[in-house]
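What follows is a short report on a single structure.
2 protein chains.
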Amino acid sequence: MKLEQIETPAALIDIARMQKNIARMQAHMNTLGVAFRPHVKTTKCIDVVRAQIAAGARGITVSTLKEAEAFFAAGVDDILYAVSIAPSKLPRALALRRQGCDLKLVVDNPIAASAIAAFGEQHGATFEVWIEVDTDGHRSGITPEQDTLLEVGRILHENGVKVGGVMTHAGSSYELNTQEALVALAEQERAGCVRAAQRLREAGIACPAVSVGSTPTALAAAQLDGVTEVRAGVYVLFDLVMHNVGVCALDDIALSVLATVIGHQADKGWAILDAGWMAMSRDRGTSKQAHDFGYGQPCLLNGTLLPGYVVSGANQEHGILSSTDADTQVTDIEQRFPIGMKLRILPNHACATGAQFPEYHAVMPDGNSVEWRRFQGW
Amino acid sequence: MKLEQIETPAALIDIARMQKNIARMQAHMNTLGVAFRPHVKTTKCIDVVRAQIAAGARGITVSTLKEAEAFFAAGVDDILYAVSIAPSKLPRALALRRQGCDLKLVVDNPIAASAIAAFGEQHGATFEVWIEVDTDGHRSGITPEQDTLLEVGRILHENGVKVGGVMTHAGSSYELNTQEALVALAEQERAGCVRAAQRLREAGIACPAVSVGSTPTALAAAQLDGVTEVRAGVYVLFDLVMHNVGVCALDDIALSVLATVIGHQADKGWAILDAGWMAMSRDRGTSKQAHDFGYGQPCLLNGTLLPGYVVSGANQEHGILSSTDADTQVTDIEQRFPIGMKLRILPNHACATGAQFPEYHAVMPDGNSVEWRRFQGW
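Chain order of the listed sequences is F and H.
Anchor point for the first sequence: position 86 equals 86 in UniProt numbering, and the numbering is continuous, going up by one each time.
Anchor point for the second sequence: position 55 equals 55 in UniProt numbering, and the numbering is continuous, going up by one each time.
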């Protein structure tokens, strides 16, 4: 299908940009001498993941068991479920392992560790667990020097559960915007995770994998001594938040929402689009960054940026396109953006915007597109 | 399935609360002597819509053609597509009408009106169009006194397109929080829409329907003289935004997200949930209201409110539950919210949270639940 024929709103992936993003990350990982395990929560799309694996990725990271099930069914068997598991989800995890999936679980507390050990014993099953390490205080995990780290390690190790490694995610990197700060956080993330592995090993617990990553720290890391693998998700498409963090150019952003102009409020300088928050998502991740892109950055159908305009407001199925300069009276909004005109809107957050759609339209350089399904739910 | 057996995260509908909300709105409409046409964009779920129709609703409002197609396939044939149509979507609209769907379109500009007239003539088809009226300046539509109103009316009327009515949506009601202001806006919405109909009729254009509504104005309206029908969506489930507007109690909110405690950061007073923004949505609609509920209000599994706690942060699959009192050191977070504990989180915005899920679990008073599918996309 030609780009011009796609009904709006639609989520477009620019395949050339995506491939460039994949190649860039994989080349950096190769240079650093570490394996790369992409986080597939960004796209939940087998077509994208096949491109990541073809470029050299080893295994995947998932944020839900549904992702694990869907990607295992599609032929991926090395899967890290990177959220501390709720004990009630262990039967689904066991079912995957019994089908031959090399599913690795994550915990950051003694109670979940004990639950895995007890469940494994009860069902005669062996699990592999990675311990989540907190290296930046932004969310979950055990800090490298906490006693709980060794406690969790021992609960697993002494009860027949393989401690496969340690993993951390320096998600606070999203709040930074200088290369210097990113390099420093990448080093903090590396050092903390390596330290946790060292403590486990000193306690007699093998800890083969040392897994770190977020898109900004992965791209900023100068050296990863002691790390075995890196994880990152949003790099594959990038978005306006990542642009503000400083790790991509606007024309690296591979995801956009195709929209049609459906009306105007000329006296206010507004063009009304058929892409509201149901299409863009409610993510306003750039609202606290140096450049607030509203609900998205408009571009022409051919991808040319339209500086000076922004999607400034959104209802469920209506977006409001207006000038970024509140003092400028836009008198020609109806002429510049006529009814029926199609635009591409770059999103704040690729993970959130993609989740609003059942499918991507993957656009090739010649303007033809194919449909790539994505899935929803848990 | 019993409530305790549902995997988390999950979207729960409390059927008793939903039925109470439906009955309340329908009774108010009956008292005011107007028809009620619920907006089904909130749930996109045929089970909910059947309950609304059973209570007395006449026809439905949709925000996408996919909703129109899905509900027509499920047996609903009186459908108002309440977004000014992009001309490129006319073939889908025509296909629905040719299948027998009484689909009404909406426009608010001469170009779309001309496109409908031309498309209808080209295909030997008759469309019915309602003209969108702007009564509060918050989004789209033509103000009642604008010349454009009659221009659009004439384009339709003189080219064989039936002008079925006028419609307006006073969406700025979401920004209010007193009964007095809501009553005044409801009257403004009514008066503006009735005036638009009067001008069309004086110009010789029949205008049978006069359709107004938003959940807050619908519930606040004291009299609706000249109005033939009211539309509202979110009233069926309600949410925290509507609670802050003042049109529902917290225990009227029929939608909640079932979540499990999966970890803690005890020194910060955090319990970590397996419901992040992918489950709650990124909607932070209460952030600008008098009471900011963060990403949601926690309740026990039985629905008992937990005042003093809030979902204060969210990553994709992690929610952070913490005390609302920043000065209070929560020292017993691990004891109060142990690993594995299930909670129900009331959402900011029912339309946005529901859209994150492929299905609702509709919970009956005895604790048993059934699955109600909803759909996604355009």
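Glycine included, every Cβ here is placed at the ideal spot set by N, Cα and C.
Checklist entry - Using the beta-carbon of each residue, which ones in chain F are nearer than 9 angstroms to H/T8? => result A86, S88, K89, W378
Next on the checklist: So, at 8 angstroms on beta carbons, what are the nonlocal neighbours of F/V8 in its own chain, with the 5 sequence-adjacent residues on each side left out?
Outcome noted: One point to set straight first is that residue 8 of chain F is Thr, not Val, in the sequence displayed. Closer than 8 angstroms at the Cβ level, and outside the excluded window around F/T8, lie L258, A259, T260, D274, A275, K342.
Item to check | Own chain residues within Cβ distance below 7 angstroms of F/R284, not counting five before or after | outcome: N348
Next on the checklist: With a threshold of 6 angstroms on Cβ separation, who are the neighbours of H/I205 within its own chain once the five nearest residues in sequence on each side are excluded?
Outcome noted: G153, H157, V163
Checklist entry - To which residues does DSSP link F/L346 through a beta bridge? => result F/Q297
Checklist entry - According to the neighbour-count rule (16 or more other Cβ atoms, all chains shown, within 10 Å of its Cβ), is F/N302 buried or exposed? => result exposed
Next on the checklist: Could you tell me the alpha carbon to alpha carbon distance between H/A203 and H/E151, rounded to whole angstroms?
Outcome noted: 10 angstroms
Checklist entry - In three-state DSSP terms, what is F/F36? => result strand
Checklist entry - Using DSSP with H/G/I as helix, E/B as strand and the rest coil, what is F/W277? => result helix
Checklist entry - In three-state DSSP terms, what is F/H318? => result coil
Item to check | Beta-carbon proximity list for F/A57, same chain, < 6 angstroms, skipping 5 on both sides | outcome: F36, P38
Checklist entry - Is any beta-carbon of chain H found at less than 8 angstroms from that of F/Q297? => result no
Checklist entry - Does F/P372 have its Cβ less than 8 angstroms from a Cβ in chain H? => result Just to set this straight, residue 372 of chain F is Trp in the shown sequence, not Pro. F/W372 does not count as touching chain H.
Next on the checklist: Under 8 angstroms, with one C-beta from each stretch per pair, do the stretch 357 to 366 of chain H and the stretch 286 to 295 of chain H reach the 3-pair mark?
Outcome noted: no
Next on the checklist: Under 8 angstroms, Cβ to Cβ, is there at least one residue of chain H near F/R24?
Outcome noted: no
Item to check | H/M167: first and last residue of the uninterrupted alpha helix (DSSP H) it sits in | outcome: Taken as a continuous stretch (DSSP letters only), H/M167 belongs to no alpha helix (DSSP H), being part of the beta strand (DSSP E) at 162 to 168.
Next on the checklist: Quick check on the DSSP output: what are the complete alpha helix (DSSP H) runs of length 4 or more inside the stretch 100 to 155 of chain F, in order along the chain?
Outcome noted: 110 to 123
Item to check | Counted within 10 angstroms of its Cβ, other Cβ atoms place F/R374 as buried (16 or more) or exposed | outcome: buried
Item to check | Under 8 angstroms between C-beta atoms of F/R344 and H/N315 | outcome: no
Checklist entry - Exposed or buried, what is H/M1 when buried is set at 16 or more other beta-carbons lying within 10 Å of its beta-carbon? => result exposed
Next on the checklist: In the DSSP assignment, the alpha helix (DSSP H) including F/G263 goes from what residue to what residue?
Outcome noted: From DSSP, F/G263 is part of no alpha helix (DSSP H) but of the beta strand (DSSP E) over 255 to 265.
Item to check | Contacting positions in the stretch 62 to 87 of chain F - beta carbon closer than 8 angstroms to chain H | outcome: S63, T64, V83, S84, I85, A86, P87
Item to check | Burial state of F/L237, where buried means 16 or more other Cβ atoms lie within 10 Å | outcome: buried
Checklist entry - If you measure from the CB of H/Q188, is any heavy atom of the ligand NAD nearer than 7 angstroms? => result As for the ligand NAD, it is missing from this structure, which has no ligand bound.
Checklist entry - Going along the stretch 304 to 335 of chain H in order, which residues come within less than 7 angstroms of chain F, judged by CB to CB distance? => result N315, Q316, E317, H318
Checklist entry - In the structure shown, what three-state DSSP assignment does H/R201 receive? => result helix
Checklist entry - Taking Cβ positions only, does H/Q232 come closer than 8 angstroms to chain F? => result A small fix is needed here, since residue 232 of chain H is Ala in this sequence, not Gln. No, no contact with chain F.
Checklist entry - Name the DSSP bridge partner or partners of H/I79? => result H/I60, H/L103
Checklist entry - Per DSSP, F/G313 is paired with what? => result F/I320
Next on the checklist: Pull the bridge partners of H/I13 from the DSSP assignment, please.
Outcome noted: H/L255, H/A362
Checklist entry - From F/M18 to F/T61, what distance separates their C-alpha atoms? => result 18 angstroms
Next on the checklist: Please tell me whether residue 381 of chain H has its Cβ less than 8 angstroms away from any Cβ of chain F.
Outcome noted: This structure does not reach residue 381 of chain H, given that chain H is present from 1 up to 378, and the question cannot be answered.
Checklist entry - Any idea if F/R98 is buried or exposed, counting beta-carbon neighbours within 10 angstroms, 16 or more meaning buried? => result exposed
Item to check | Between the CA atoms of H/Y295 and H/L321 - distance to the nearest angstrom | outcome: 9 angstroms
Item to check | Contacts around F/A125, its chain only, beta-carbon distance under 7 angstroms, and the 5 residues preceding and following it disregarded | outcome: L94, R97
Next on the checklist: Can you list, in chain order, the residues of its chain with a C-beta nearer than 8 angstroms to that of F/E121? Leave out the 5 residues immediately preceding and following it.
Outcome noted: N159, G160
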